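For reference, the structure discussed in these notes is given below.
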Amino acid sequence: MLQNLWKWLIIPLIMLGIGAAVVIYTVNNPTDSIVARMLTYERVFRVIREHMALLLVSMIGATIVGVLGGIMLSRPKLYYIGRVAENIVNIGQTVPSLAVLALFYTVLGLGFRVAVFALFIYSILPILRNTFAGIDGVERSIVEAARGMGMNPFRVLTKIELPIAFPIIVAGIRTAIVINVGAATLATFIGGGGLGDLIVTGLSVHRDMIIFTGAVIAAITAIFLDYMIGKVEERVVRWT
Amino acid sequence: MIKLEGLSKIFPGHTIPAVKDLNLEVKEGDVCVLVGPSGCGKTTTMKMINRLYEPTGGKIYIRGEEALKMDPIKLRLDIGYVIQEIGLFPHMTIEENVATVPNEKHWPADQVKQKVDEVMTLVGLDPNVFKSRYPSALSGGQRQRVGVARAMVSDPPIMLMDEPFGAVDPITRARLQNEFLRIQERMGKTIVFVTHDIDEAIKMSDTIAVMREGELIQHATPSDLLSAPADEFVSNLVGRNRSIKRLHLIRINEILEDVNRAKPISEDAQTEEIKKQLDQSDIRTVIVVDRNNKLKGIIGVNDLKRTTGEVAKDYCQDVSDTVTSDATLNDALSVMLELGEGYVAVVNEDDQYEGTITLGDLLNVVKEDN
Amino acid sequence: MDQFISCMGNFFSRAVNGIVLSAQSEDPGIIMRTIDYLSRRSDLILDLMLEHLWLVVFTLVIAIAVSVVVGVIISYYESFAQTVLGICQVLMVIPSMAMLAFMVPIFGIGFTTGVVALVLYSLLPIVRNTYTGIRELDPAIVEAAKGMGMTERRVLLKIKLPLARPVIMAGIRTAAVMMIGIAAIAAYVGAGGLGELIFSGISRGHQPMIIAGAIGVSIIAVAFDYLLYWGEKRFSVEGRTREVTE
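Residue numbers (numbering that gives the first Met the number 0), protein chains in the order written: chain A, 0 to 239; chain B, 0 to 369; chain C, 0 to 245.
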């Protein structure tokens, strides 16, 4: 068990190590005075903190709303609305993230909260769709067997439908995370801060080191999160 | 035990009732098989008993209690339920699957464990081998067994089974049916069993309820159903099988007297005589016997042309298989099919010739029956 | 938890307020202004749209060529395949802004950067679908083809690829839709296209410009998605089957 845990942790730890090393190296070895001014521990930690806040708040919110919404839409009474919603969501997902952020900017203006809200709305889509599709995809005979054996609707949902749909729901969350992590670096354009700040600053002052630092941390964050959720995905599906 | 009174069901959006004014009583310990073509309302009827479908009219009594006034969840917990698709929960081990109902009833853990082992052994699955497996690792037949075990584990006095052996190959099905009968003999449960297969119905049932277009046509024991079908529909339904069953019941010597066929010829009959006999024979073959009436062989039309000779002995071909006169008509049929001929010679225990049975004779028996 | 809920509530009320305000009083003429802008600058918008499409189509052709070849190769080398797919997965997970940023020091600002980044992104969907499309063919079909004396090359071209085509097409569709969105971001590093409208609109606070860009990109994406979906259905094996009339 402990050995397994170690195996689990080794890749994330390596990734965090690389990230930390890059930050320490670039902050301590600035190529010129502009880089030195722009790239301080204080600034790097601030954008990382902002980035994490963007991701976490929008993802937690989107997961809760998406899963609950998907469950509600899969109930027999709302099922046809669910079918319609599925199509709308599919179109919504095709809209590029930059367009979503830009449109939210025109309605709500600039700021961190606007960015969080835009990411939140955008991330709901895959989670909602997968939750609905996952529950909808549970074989009718299985649900009927459960009902026939005397499970009430709530038990059927929690003991049968949700566990069977779980891998698909997790896959939806994983898609949402990948999209969200990508979109979070764009938050800077509407004043949302985050790691995009470093990249944009670097591009505007033509300093590759700043661009590089921002890009490396953003990439590592994304790979780290994807890896972790991938492991969770592996763990939950023992039965196929 | 189970009594349905004036039961009917009209699905929303339909005008024709799926089940129409159905009255049926199943006695304690009986297996009642609902049989009929698809869409006849047999599954709908069954699902109303555990209230997966709510009836639109009529009453259901279970052990004298009105089922429609009971809490459906409590009702279902006391009725075992097996469906054709089995509906095993893919995310649970076999043990967890079988333990579903006891867990819903909040039995103590050790009692659940013991009961699961017991019932798995009963359906022929070694608990130590199968308990921790997932359904995806099981064969079709094994899954069916788990389905039955899962329905039986809490000892429900009543079980509902919807084509429980429908999804497996014929050989496995026959084995599962036999095992099920063996278990039922011991457990004596009251069972409502749905199938579209009349063979299965006759094999499994104490009583058979034939349904068509939502109505109960006849409810009788299998032998009554065979001997006295209520109408043309029922006799069509059981028709073919009934005849074949009759072939099982009738012995060859019972019909041999009625069969009028040319006499055998002796070994040393002349060619002319053989020819005359052949022309008269409806099977284009003559039977050759020796002095003691023992079967020597046969002569077909072609044998006469192919070989040269003077007496029957010269043309005579060996017979590869015969039947004895105390065998059943079904045995005779088997031999004919095996030989690929339309007739078979009948002999007694001493190999003495008694007569010949043809496919036509069997057909006549079947025709009389209809 | 309480904090989180109050926070969420705050966002919602803000959002609703924002939408209501902008719709009611603050800027009642936004739709009119956008229409006005569209009619005045239709030539520019059309140019940018074509530029956007050109970038996407040009890249898509390269991406398909590269990815299908890679997908075919790894379908023959099982052990190799997981590594390649893993790398592609990582490439796709990297945020697009970060990917573009990595490209800038190497390729500078401009079209090339956009093309390289987009190709890297589109690898995973097409490579993976080519690989699984081929791997998940009924082995009996491949065996039959070989048994009839087809060479491996013929089996690939005549049997495997045609049969895997629906799956490969689905991968191309995913890649294309993704590319359209990332191409918009690539405008920031000088690759051109409708993204330019969004970025300069944001920096100038010019709302009609942003809306024109954002909606333009969305329309292209939805249209591409639909078009490729239609193509998948229309040109699939089933789609070409005709009833035989005696």
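Every residue gets a Cβ at the ideal spot worked out from N, C-alpha and C, and that includes glycine. Computed from a prediction, not measured in an experiment: that's the story for all the values here.
Do residue i and residue j have their C-beta atoms within less than 7 Å of each other?
i, j, result
"alanine 166 of chain B", "glycine 79 of chain B", "no"
"isoleucine 197 of chain C", "glycine 215 of chain C", "no"
"alanine 98 of chain B", "valine 122 of chain B", "no"
"alanine 221 of chain A", "isoleucine 93 of chain C", "yes"
"valine 235 of chain A", "phenylalanine 165 of chain A", "yes"
"glycine 65 of chain A", "glutamate 103 of chain B", "no"
"isoleucine 176 of chain A", "isoleucine 228 of chain A", "yes"
"alanine 311 of chain B", "isoleucine 254 of chain B", "no"
"histidine 105 of chain B", "proline 162 of chain A", "no"
"glycine 69 of chain A", "leucine 124 of chain A", "no"
"alanine 144 of chain A", "isoleucine 93 of chain B", "no"
"valine 21 of chain A", "valine 215 of chain A", "yes"
"arginine 164 of chain C", "leucine 227 of chain C", "no"
"leucine 84 of chain C", "arginine 127 of chain C", "yes"
"threonine 93 of chain A", "isoleucine 210 of chain C", "no"
"glycine 341 of chain B", "leucine 358 of chain B", "yes"
"isoleucine 218 of chain C", "leucine 117 of chain C", "no"
"serine 122 of chain A", "serine 57 of chain A", "yes"
"aspartate 161 of chain B", "valine 118 of chain B", "no"
"leucine 59 of chain C", "alanine 175 of chain C", "yes"
Can we count residue i as close to the ligand GDP, meaning its CB is less than 6 Å from some heavy atom?
i, result
"isoleucine 134 of chain A", "Of ligands this structure carries none, so the ligand GDP is not represented either."
Starting from residue i, find everything on chain D with Cβ-Cβ shorter than 8 Å and list it in chain order.
i, result
"proline 138 of chain C", "Absent here is chain D; the protein component of the structure consists of chains A, B and C."
Quick one: what's got a C-beta closer than 6 Å to residue i's C-beta in the same chain, skipping five residues either side?
i, result
"threonine 306 of chain B", "Tyr314"
"leucine 362 of chain B", "none"
"aspartate 20 of chain B", "Gly5, Ser7"
"glutamate 245 of chain C", "Per-residue confidence for glutamate 245 of chain C stands at a pLDDT of 41, beneath the threshold of 50, marking its modelled position as unreliable; no derived number is given."
For residue i, which of the options has the nearest alpha-carbon?
i, options, result
"isoleucine 141 of chain A", "B:Val122, B:Asn96, B:Arg185", "B:Asn96"
"tyrosine 352 of chain B", "B:Gln279, B:Arg211, B:Asn252, B:Leu175", "B:Asn252"
"glutamate 348 of chain B", "B:Asp302, B:Asp360, B:Asp77, B:Lys293", "B:Lys293"
"lysine 159 of chain C", "C:Arg172, C:Ala174, C:Ile105, C:Glu142", "C:Glu142"
"phenylalanine 131 of chain A", "A:Leu224, A:Val56, A:Glu160", "A:Glu160"
"serine 96 of chain A", "C:Arg203, C:Tyr225, C:Ala80, C:Ala220", "C:Ala220"
"valine 204 of chain A", "A:Gly18, A:Pro11, A:Ser32", "A:Ser32"
"aspartate 281 of chain B", "B:Tyr52, B:Val300, B:Leu51, B:Ser153", "B:Val300"
"alanine 227 of chain B", "B:Gln176, B:Ala331, B:Ile207", "B:Ile207"
"alanine 52 of chain A", "A:Thr157, A:Met208, A:Phe116", "A:Phe116"
"alanine 3 of chain B", "B:Ala66, B:Ile216, B:Asp350, B:Met210", "Residue identity differs from the one stated: residue 3 of chain B is leucine in this sequence, not alanine. Here the closest residue by C-alpha is B:Ala66."
"histidine 13 of chain B", "B:Met0, B:Thr55, B:Leu74", "B:Thr55"
"threonine 200 of chain A", "A:Gly213, A:Gly191, A:Ile189", "A:Gly213"
Excluding the five sequence neighbours on either side, which residues of its own chain have a C-beta within less than 8 Å of the C-beta of residue i, listed in chain order?
i, result
"serine 24 of chain C", "Any reading at serine 24 of chain C must be qualified, since the residue scores a pLDDT of 48, below 50, and its modelled position is unreliable; no value is offered."
"threonine 120 of chain B", "Pro126"
"glutamine 176 of chain B", "Phe164, Glu199, Lys202, Met203"
May I ask which residues mark the beginning and end of the beta strand (DSSP E) holding residue i?
i, result
"phenylalanine 192 of chain B", "189 to 194"
"aspartate 217 of chain B", "The amino acid occupying residue 217 of chain B in the given sequence is glutamine; aspartate does not appear at that position. Where glutamine 217 of chain B is concerned, the enclosing beta strand (DSSP E) stretches over 214 to 219."
"glutamate 353 of chain B", "352 to 357"
"lysine 2 of chain B", "1 to 8"
"lysine 450 of chain B", "Since the first residue shown for chain B is 0 and the last is 369, residue 450 of chain B is missing from the structure and cannot be characterised."
Along the chain, where does the alpha helix (DSSP H) containing residue i start, and where does it finish?
i, result
"histidine 51 of chain C", "41 to 75"
"tyrosine 60 of chain B", "Segment 56 to 61 is the beta strand (DSSP E) holding tyrosine 60 of chain B; no alpha helix (DSSP H) there."
"glutamate 379 of chain B", "In this structure chain B extends from 0 to 369, so residue 379 of chain B is not present and cannot be described."
"glutamate 53 of chain B", "Glutamate 53 of chain B -> no alpha helix (DSSP H), and no H or E assigned at all."
"leucine 76 of chain B", "71 to 76"
"alanine 145 of chain A", "139 to 147"
"alanine 144 of chain C", "138 to 146"
"aspartate 29 of chain B", "Careful: aspartate 29 of chain B lies outside any alpha helix (DSSP H) and carries neither H nor E."
Ignore the nearest five residues each way along the sequence and tell me which others in residue i's own chain have a CB closer than 7 Å to its CB.
i, result
"isoleucine 197 of chain B", "Val34, Leu236, Val237, Asn240"
"glycine 60 of chain A", "Phe119"
"leucine 123 of chain C", "Cys87, Gln88, Leu90, Met91"
"arginine 134 of chain C", "Ser74"
"glutamate 212 of chain B", "Cys39"
Which parts of the stretch 178 to 238 of chain A are runs of the alpha helix (DSSP H), unbroken and 4 residues or longer, counting only runs that do not cross its ends?
As far as the stretch 178 to 238 of chain A is concerned, its whole alpha helix (DSSP H) runs of at least 4 residues are 195 to 204, 207 to 235.
Run through the stretch 176 to 211 of chain C for me and flag every whole alpha helix (DSSP H) of 4 or more residues, listed as ranges in chain order.
Whole alpha helix (DSSP H) segments, 4+ residues: 194 to 203.
Quick one: complete beta strand (DSSP E) runs, 3+ long, within the stretch 265 to 350 of chain B?
Scanning the stretch 265 to 350 of chain B from its first residue to its last, the whole beta strand (DSSP E) runs of 3-plus residues come out as 284 to 288, 294 to 299, 342 to 346.
Ordered list of alpha helix (DSSP H) runs contained in the stretch 22 to 69 of chain A, each at least 4 residues:
Complete alpha helix (DSSP H) runs here, min 4: 32 to 37.
Length-filtered (3 minimum) beta strand (DSSP E) runs lying within the stretch 96 to 148 of chain B
For the stretch 96 to 148 of chain B, not a single whole beta strand (DSSP E) run of length 3 or above is found.
Which runs of the alpha helix (DSSP H) at least 4 residues long sit entirely within the stretch 76 to 107 of chain A? Give them in chain order.
As summarised for the stretch 76 to 107 of chain A, the continuous alpha helix (DSSP H) elements at least 4 residues long and confined to that stretch are 78 to 93, 96 to 107, given in chain order.
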